[in-house]
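A short write-up of the structure that comes next.
In this note's numbering, the protein residues as written are 917 to 1187.
See below:
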């Protein structure tokens, strides 16, 4: 299994020929999805045979995963002191899941090989409209797996950048929906009233239609999101995450890497 066509349904998603009419149509439709709802979710992106093989590869490694379990603010890039207890900036939500990082993966395995296809990087670059885009060089978090079991959740948060790439490898039997409030904040207005309504359950978030095999590109810097708690399930929820940057050689800061490599219960309350 070495060719891109072994991994991805290129008839449906021709990322190997983006200059073709079908390729341009794919880019335009994905960009329209992101403008309107902040998410591009391509069901059936991964071929079923490959999907089973890569999920089996991950399942065999689950016994080696590190357990992440700590409360965190959704506003991790801000200083969040001086707010009332009920203010959104004072809220924290649990991040609880298993994690496998690139240093734990087979360097010639399916997870890493998929990440290394230049056609996939070019597809992401064109979707984001960047002049250049490079695979992260981080030895740990460039390729990461979140593995969620019953009782796990990844609470409400924003990303520090737009364009998070993930691939759903396996869904739980109950729970684990990707929930989000698209474009709820911008640089001029944090929209705390609506954020508070999401936190309290007064406003219902969107739910991504993203079964196993789905490619997701999400604009998470301005869109509140979470993975809802996992219910009863005999199988884990497996998500593969890839990291890119507009500059070559990007490595994540030590503080972020340490959260993955040396998990602790210390709350993450922002800057």
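Backbone N, C-alpha and C fix where the C-beta goes; we use that ideal spot for every residue, glycine too.
All values reported here derive from a predicted model rather than from experimental measurement.
Distances from the CA of residue 1097 to each of 1088, 1107, 1090, 1103 were compared; the closest alpha carbon is that of 1107.
Taking 7 Å as the cut-off, the beta carbon of residue 1011 is found no closer than this to the beta carbon of residue 1067. With three or more CB-CB distances shorter than 8 Å, the stretch 1005-1023 counts as touching the stretch 1070-1084. Rounded to the nearest whole angstrom, the CA to CA distance from residue 1077 to residue 993 is 11 Å. Residue 989 sits close to residue 1185, with the two beta carbons spaced by under 7 Å. Counting only runs of 3 or more residues that sit fully inside the stretch 953-1041, the beta strand (DSSP E) segments are 955-958, 982-988, 1009-1017, in chain order. Using a Cβ-Cβ distance cut-off of 8 Å, the stretch 922-936 and the stretch 1108-1119 are not in contact, since fewer than three pairs of beta carbons, one from each stretch, lie closer than that value. Following the DSSP letters along the chain, one finds residue 1064 inside the beta strand (DSSP E) bounded by residues 1059-1064. Within the same chain, Cβ atoms closer than 7 Å to the Cβ of residue 1128 are found at 967, 1084, 1085, 1086, 1087, the five residues on either side in sequence being excluded. Looking at the DSSP output, residue 1153 sits in a beta bridge with 1064. Looking at the DSSP output, residue 1140 sits in a beta bridge with 1097. The beta-carbon separation of residue 1163 and residue 1050, rounded to 7 Å, stays under the 8 Å limit for a contact. Look at residue 1092 here: in three-state DSSP terms it is coil, with no helix or strand label.
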